[in-house]
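S.K.: In case it helps, this note's numbering puts the sequence shown at residues 96 to 387. C-beta atoms are modelled at their ideal positions from N, C-alpha and C, and glycine is treated no differently. On a predicted model such as this, the values are computed, not experimentally measured, just so you know.
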Amino acid sequence: MNSDGQPLPISWRSVRDGVYVTTLEPAGANCGLIVGTSGAVLIDTGSSPAQGTALRESIALLTDVPLRSVVVTHHHWDHAYGLGAFADVETIGHESLAETLLSEGARTAAAEHGLSPADVVVPSATIAIIAARDLGGIHVEIGYFGAAHTGGDLAVLVPEARVLFAGDIVEQSGPPQIDETTSLQNWPRVMEALLTLCKEDTIVVPGHGEDVDPHFISWQGTGLDAVHGQCEWLVTQGVREPDAYAHPDLQWPWDEEWVRTAIAHAYAELAGQGRTVRRPLLIAERRPPEAT
Ligand SMILES: [Zn+2]
96 MNSDGQPLPI SWRSVRDGVY VTTLEPAGAN CGLIVGTSGA VLIDTGSSPA
146 QGTALRESIA LLTDVPLRSV VVTHHHWDHA YGLGAFADVE TIGHESLAET
196 LLSEGARTAA AEHGLSPADV VVPSATIAII AARDLGGIHV EIGYFGAAHT
246 GGDLAVLVPE ARVLFAGDIV EQSGPPQIDE TTSLQNWPRV MEALLTLCKE
296 DTIVVPGHGE DVDPHFISWQ GTGLDAVHGQ CEWLVTQGVR EPDAYAHPDL
346 QWPWDEEWVR TAIAHAYAEL AGQGRTVRRP LLIAERRPPE AT
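#1: For T245 and D344, I'd like the C-alpha separation in whole angstroms.
#2: With distances taken from CA atoms, which of V330, S164, M286 is nearest S219?
#3: Look up S313 in the DSSP assignment and say whether it is helix, strand or coil.
#4: Report the option in R257, V258, A204, I237 whose CA atom is closest to the CA atom of D248.
#5: Should H171 be counted as a contact of ligand 1 given a C-beta to heavy atom distance under 6 Å?
#6: So, is T168 buried or exposed, given that buried needs 16 or more other C-beta atoms within 10 angstroms?
#7: Could you check if D139 belongs to the surroundings of ligand 1, using beta carbon to heavy atom distance under 6 Å?
#8: Taking 6 Å as the cut-off, does the CB of D248 come closer than this to any heavy atom belonging to ligand 1?
#9: Using 10 angstroms around the beta-carbon of G141, count the other beta-carbons present and answer buried if the total reaches 16, otherwise exposed.
#10: Relative to the C-alpha of T158, which candidate in V215, L128, H323, G123 has its C-alpha closest?
#11: For the 8 Å Cβ check, are there 3 or more pairs between the region 121 to 135 and the region 295 to 302?
#12: Do the region 315 to 333 and the region 354 to 368 make contact, defined as three or more Cβ pairs closer than 8 Å?
#13: Since G318 and I233 are thought to touch, with beta carbons under 8 Å apart, how far apart are those beta carbons, to the nearest angstrom?
#14: Buried or exposed for W172, please, with buried defined as at least 16 other CB atoms from any protein chain shown within 10 angstroms of its CB.
#15: Look at the Cβ atom of I222, then the Cβ atom of A243, and state whether they are nearer than 7 Å.
#16: Determine the contact status of V334 and R370, defining contact as a CB-CB distance below 7 Å.
#17: Out of curiosity, what's the CA-to-CA distance linking L150 and E266?
#18: Can you grab the Cα-Cα spacing for the pair A288 / F240, in whole Å?
#19: Can you grab the Cα-Cα spacing for the pair S153 / L252, in whole Å?
#20: When you compare only the Cα positions, how much space is there between A182 and L137?
#21: Along the chain, where does the beta strand (DSSP E) that runs through R284 open and close?
Here is the structure:
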């Protein structure tokens, strides 16, 4: 917002030939734009239909080619709630996205951000695993690698430009965020899959924060793997959730507030697999029956 309370105009920065990024407030979400000779693809839509409209206007100033498709990386408000501005364009999300966007949680999130439930619309096309779009001289590959930050995260690779849009699977501006659909167990595996898409000089655009390189994906994935692995170990040791953070043998990769949220999520995830903390067996109290 400027001093008059008006939204600031959206400006795009060039990442590589044909690939642009803009960062949208209030949440600092990164949006991507890939421009070929015959069409363009937008990645993520902003946090409201009004912001989606502003994105369209900014794209029209940048290029004459038509906007062919819009990819929504996941259901969170700062990435998906601009979908309403793209009713005449193909909009693509993971096959779980419609259900998530129509959920009670999504309605609540809309109200919290000053939107009505009708402002939250679902994508026109869904993918289960992979899709590609040729834009003339450059193309995009859209992939789903399993649950990670949410149950339906899509990543978008631009092979010719060696740019990977990771959505919130990767976050540079802070620790990766957890919600009720997160899979802490699977998230590091998804990051390993993203790494297989990268060359040494691939630019990785995270959902929030500055561009990173593939080593950052490794680093963040190792941190998530450590958190989940330590929680698995704590459960097998019979350590209850309230005692997990302060366990003297462990160190955690992020701040206490984040780690406590992650521990609660990991314990719930493990409990869902039937892996719960059990009371230690009181072996010393077991005696053979007395001879009669
Ligand atoms: Zn998110």
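M.R.: Let me lay it out:
#1: Each residue's alpha carbon lies about 30 Å from the other.
#2: Of the candidates V330, S164, M286, S164 places its Cα closest to the Cα of S219.
#3: It is helical.
#4: Minimum Cα-Cα distance from D248 among the listed residues R257, V258, A204, I237 corresponds to I237.
#5: At least one heavy atom of ligand 1 is nearer than 6 Å to the Cβ of H171, so yes.
#6: With 16 or more other Cβ atoms within 10 Å, it is buried.
#7: Exclusion of D139 from the 6 Å shell around ligand 1 follows from its C-beta lying no nearer than that to any non-hydrogen atom of the ligand.
#8: Taking 6 Å as the cut-off, the C-beta of D248 does not count as close to any heavy atom of ligand 1.
#9: That one is buried.
#10: Among V215, L128, H323, G123, the Cα nearest to that of T158 is on L128.
#11: Yes, since at least three Cβ pairs between the region 121 to 135 and the region 295 to 302 fall closer than 8 Å, the two stretches touch.
#12: The answer is yes - the region 354 to 368 touches the region 315 to 333, with three or more Cβ pairs under 8 Å.
#13: Cβ atoms of G318 and I233 stay farther apart than 8 Å, at about 33 Å.
#14: With 16 or more Cβ atoms within 10 Å of its Cβ, W172 is classed as buried.
#15: No; because the gap between Cβ atoms is not below 7 Å, this pair is not in contact.
#16: With contacts defined as CB atoms closer than 7 Å, V334 and R370 fail to qualify as a contacting pair.
#17: In this structure, the straight-line span from the alpha carbon of L150 to that of E266 is close to 22 Å.
#18: Their backbone Cα atoms lie some 7 Å apart in a straight line.
#19: Computed Cα separation, rounded: 22 Å.
#20: One Cα belongs to A182, the other to L137, and the distance between them is close to 14 Å.
#21: It is not in any beta strand (DSSP E) - R284 instead sits in the alpha helix (DSSP H) that spans 282 to 291.
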